Amino acid sequence: MSNRCSHHARGMRRVIGAAGVCALGIGVLLAGPATADQGPIDLVDGYNARFDGGAVDDYSGSSVAGAGDVNGDGQTDMIIGSPGFGDATRANVGAAYVLFGSETPSSVDLLDPGKAGFRIVGNAAYDWTGWSVASAGDVNGDGYDDVVLGAPFVDGSSEGDVGAAYVVFGSAEPTDVDLASITVEGIRIDGIAGYDWTGNSVAGAGDINADGYSDVIVGAPYADAPGRDDAGVSFVIFGSDKPSDVDLAALTTEGVRIDGAAEFDLSGTSVAGAGDVNADGYPDVLIGAYKADVVGGWDGGATFVVFGSEKPADLDLASLSGRGFRIDGVAQNDQSGWAVAGAGDVNHDSYADILIGAPKADSNDRTNSGSSYIVFGSEEPDHVDLAALGERGFRIDGAAAGDTTGRSVSGIGDINSDTLRDVIVGSPFAAPNSRTNAGSSFVVYGKTDTHTVDLASPGERGFRIDGAATNDTSGEAVAGPGDVNSDGSPDILIGASGADNNGRSVSGSSYLVLKTPPVFTVPGAPTGLTGTPGNGEVTLAWTAPDNGGSPITGYRIDSRTGDGPWASTTTGTDTTHTATGLTNGTAYQFRIAAINAAGAGPDSAIAGPYVPRTVPGAPTGLTGTPGNGEVQLTWTAPDNGGSPITGYRIDTRTGDGPWTSTTTDTDTDTTHTATGLTNGTAYQFRVAAINAAGTGPDSAVTGPLTPVTPSATLTVTARKATKPAARTGKTTLVRSITAGPGQRVTTSVKITPKRAAKKITVKTGATKVTVRAKKAPKARIRVTITASATGMTPATWTRRWKVR
611 MSNRCSHHAR GMRRVIGAAG VCALGIGVLL AGPATADQGP IDLVDGYNAR
661 FDGGAVDDYS GSSVAGAGDV NGDGQTDMII GSPGFGDATR ANVGAAYVLF
711 GSETPSSVDL LDPGKAGFRI VGNAAYDWTG WSVASAGDVN GDGYDDVVLG
761 APFVDGSSEG DVGAAYVVFG SAEPTDVDLA SITVEGIRID GIAGYDWTGN
811 SVAGAGDINA DGYSDVIVGA PYADAPGRDD AGVSFVIFGS DKPSDVDLAA
861 LTTEGVRIDG AAEFDLSGTS VAGAGDVNAD GYPDVLIGAY KADVVGGWDG
911 GATFVVFGSE KPADLDLASL SGRGFRIDGV AQNDQSGWAV AGAGDVNHDS
961 YADILIGAPK ADSNDRTNSG SSYIVFGSEE PDHVDLAALG ERGFRIDGAA
1011 AGDTTGRSVS GIGDINSDTL RDVIVGSPFA APNSRTNAGS SFVVYGKTDT
1061 HTVDLASPGE RGFRIDGAAT NDTSGEAVAG PGDVNSDGSP DILIGASGAD
1111 NNGRSVSGSS YLVLKTPPVF TVPGAPTGLT GTPGNGEVTL AWTAPDNGGS
1161 PITGYRIDSR TGDGPWASTT TGTDTTHTAT GLTNGTAYQF RIAAINAAGA
1211 GPDSAIAGPY VPRTVPGAPT GLTGTPGNGE VQLTWTAPDN GGSPITGYRI
1261 DTRTGDGPWT STTTDTDTDT THTATGLTNG TAYQFRVAAI NAAGTGPDSA
1311 VTGPLTPVTP SATLTVTARK ATKPAARTGK TTLVRSITAG PGQRVTTSVK
1361 ITPKRAAKKI TVKTGATKVT VRAKKAPKAR IRVTITASAT GMTPATWTRR
1411 WKVR
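Start counting the sequence shown at 611; every next residue gets the next number (this note's numbering).
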């Protein structure tokens, strides 16, 4: 945009951009009606007639407006500003073109508009006349509508950029007007001091004093209020049956002065007629002060509503005292009030509503995406903080970072025939269709609720109009001119700064569009929705539905647990999505809906439940008990990772050799006997748990565990060795013998000396050993009992007794 602005008038170092400021280029006229669920209009070919700027750097369409019925033919006319226009002797004198409405409009080259309208040329070189334009209503009461245009860089007798505004009267047969010699064709309104930029913004005010004549309002944003540099001043000039030139430095009964509230507010950057906001029978006016400081920070911006009355008087906006109210912007550098407009009765409550642009707002974390605000009228309106708008209106958010939505705003009437007034907001730095700074404009339908409208997906709430080429900045100026082609529906006029038609760089053009946007519907329901659980996530896949005639721009993904409420998120155009941040072990259901410019379509069938899961943890407490060719293992089960453990993998190795694995696929016990081992060989073990997600990490490795050959068991109850057997008689040496199951018991007895054996008889049984002696000599008896079994080490018991 800076390259465009570098061509502008002296004083451009102070460009503040608002209605008419750096708003140079094309104008686009669109004819209604428009219906819900409409696709974007592309200005590459979406028009029926085109009005082209006449020369290089004319910036035709930098300001656009409805003109009313200037020539009294019963049809609504338009006015288009070309502030860069120059003639043979006056560079950048500026011009504006009034184009007549027609049932069958045709293309016009503004190099010579012919009978299609007439041209108003500025007074002197570098005046930049047409910087701002508007319908004035019938200022002189002659039955013809008049127009007002601003020339903010008009020089005074000794100072530059004082600025001026002109009212040009309508007539039955209007002809070209040269403001250097204006007489009966209109009046001139002169600014007060150098660099006031009087005429930076102009508007019809309605009949604010109810005297039967239409009034106008003129902004001078750099004018000084008493004791406040650059506070800005706005002037309401009353209509009359014999209006005459006005010197704002000596304003008396011709109108009233409205001083900005604080230093550097730049009040009057934008001005507009508001309609009757409080329904008291008097039209009200709007004044934007986009540099005003607010609670949210510096340059948050403010808009002032000043009530009409029977006897208007000068007003200091720092002290409204019941004569109006203030609307404060939200955040630092939002620049709320950059553009203001009367919106009409958007919510159908019989009060006129207000439209405010804040092009530097960062809503939805989109830097400089911009926002616009509808503030509802009411019987007793008072101060509004847009940060807490609540039930007093609604917000319209820009679609993408850098769009600067709200740089221009306008009411457009009831374009969709639902009895609610609609509005249009410009996004001049949007990049539709990969065209950098081509710009877009958005029609937003009137509504009674206060829900925010996100222009990233307007759906049934309106439609988009896209600029034709890179750097057109379409939407730098927008307007609702009325019913230009007399088809019963209001139309749309759009300025697109910087268009280069006919080989004329930045000549500017205007487009009349009589087509309605293509009608489409929301997409169908996606099909084939499936899910694959993972660790804290589920990966979804589906088949895209029919797009309803408009490309699918994304999908809404809903998820819930049990019968709980659905939680939603949106994605791009891929037909897969991974839902993350889920809780393992919890069952989730999913559904999806496709989104296009008409909104979200019906939901898919519900899929699931799906249970996010991960592999189990590592088992703990692994121990082993060696046995005969085996080791009995035990451990503690780990966390199951959100899916039941279905088994364990058992790993075995000897020394530092490789691990050998076996899997208990269906065994969830926390014990296992490793068999087939070699006794005497040291083994190590580790265990890992398995679930549907896979095998978890290994447990700690056990120490070496060595299987051993088992020993037989033998328990013997016998006479103490210290108690000798009798030399005569019976003595029970062993009273009981117990061996392990399946073991064989053998008993052997040895008597010494051998000659004593003839006198001693030993009887061995399964459980006892007894001796009988008959006058035996002294001797010794040794009893050996052995328990044995195949594969076992025998157990042996031996005891000796003396015979005495």
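The beta-carbon is built from N, C-alpha and C at its ideal position, and this holds for glycine as well.
Please read all numbers here as calculations on a predicted model, not as lab measurements.
Closest by C-alpha distance to residue i, when choosing among the options
i: K921; options: A1089, D817, G910; result: D817
i: G1138; options: V1088, A1217, R1017, T1171; result: A1217
i: G1056; options: R1259, P1068, F1295; result: P1068
i: S1119; options: F1130, G1113, A1106, F695; result: A1106
i: S1253; options: V1372, R1392, T1224; result: T1224
i: L927; options: I868, A889, A882; result: I868
i: W1245; options: T1183, D1266, A1310, D1184; result: A1310
i: P1226; options: V757, D1013, G1195; result: G1195
Residue i vs residue j beta-carbon contact at 7 angstroms
i: G987; j: A962; result: yes
i: L789; j: G842; result: no
i: A998; j: V654; result: no
i: L1065; j: G1008; result: yes
i: V787; j: I730; result: yes
i: A1405; j: S1321; result: yes
i: S919; j: G878; result: no
i: G1222; j: L1192; result: The question names Gly, yet the displayed sequence has Pro at residue 1222. Yes.
i: A735; j: A706; result: no
i: L1122; j: N658; result: yes
i: S982; j: V940; result: no
i: T686; j: V1053; result: no
i: I827; j: V881; result: yes
i: A923; j: S946; result: no
i: A1328; j: R1409; result: yes
i: A830; j: T808; result: yes
i: G740; j: L759; result: yes
N-terminal and C-terminal residue of the beta strand (DSSP E) that residue i is part of
i: H1061; result: Element bounds for H1061: n/a, residue is neither H nor E.
i: Y983; result: 981-985
i: G1138; result: 1137-1144
i: Y707; result: 705-709
i: F935; result: 934-938
i: G1092; result: 1084-1092
i: A884; result: 880-885
i: V950; result: 949-954
i: S1119; result: 1119-1123
i: P1387; result: Where P1387 is concerned, there is no enclosing beta strand (DSSP E), given that its DSSP letter is neither H nor E.
i: P1307; result: 1304-1308
i: Q1353; result: It is not in any beta strand (DSSP E) - Q1353 carries neither H nor E in the DSSP assignment.
Residue i - DSSP class collapsed to helix/strand/coil
i: P1042; result: helix
i: L1324; result: strand
i: K725; result: helix
i: D1156; result: coil
i: D1261; result: strand
i: R1365; result: helix
i: V631; result: Only weak support exists for where V631 lies, its pLDDT of 35 falling under 50; the coordinates are left without a value.
i: G1000; result: helix
i: S791; result: helix
i: R1414; result: coil
i: A774; result: strand
i: L1103; result: strand
i: E1070; result: helix
i: N1111; result: helix
i: S745; result: strand
i: D647; result: Caution applies to D647, whose pLDDT of 49 falls short of 50 and renders its modelled position unreliable; the model cannot decide the point.
i: S1346; result: strand
i: S973; result: helix
i: H1187; result: strand
i: Y961; result: coil
i: W807; result: coil
Neighbour flag for residue i against chain B, beta carbons, 7 angstroms
i: G842; result: No chain B is part of this structure, which consists of one protein chain only.
Any non-hydrogen atom of the ligand GTP closer than 6 angstroms to residue i Cβ
i: K1412; result: As for the ligand GTP, it is missing from this structure, which has no ligand bound.
request  = Output the residue ranges of the beta strand (DSSP E) runs that lie fully inside the segment 1206-1254 and measure 3 residues or longer, sorted by chain position.
outcome  = 1217-1220, 1230-1237, 1240-1246
key: Whole alpha helix (DSSP H) elements within the segment 813-860, 4-residue minimum   = none
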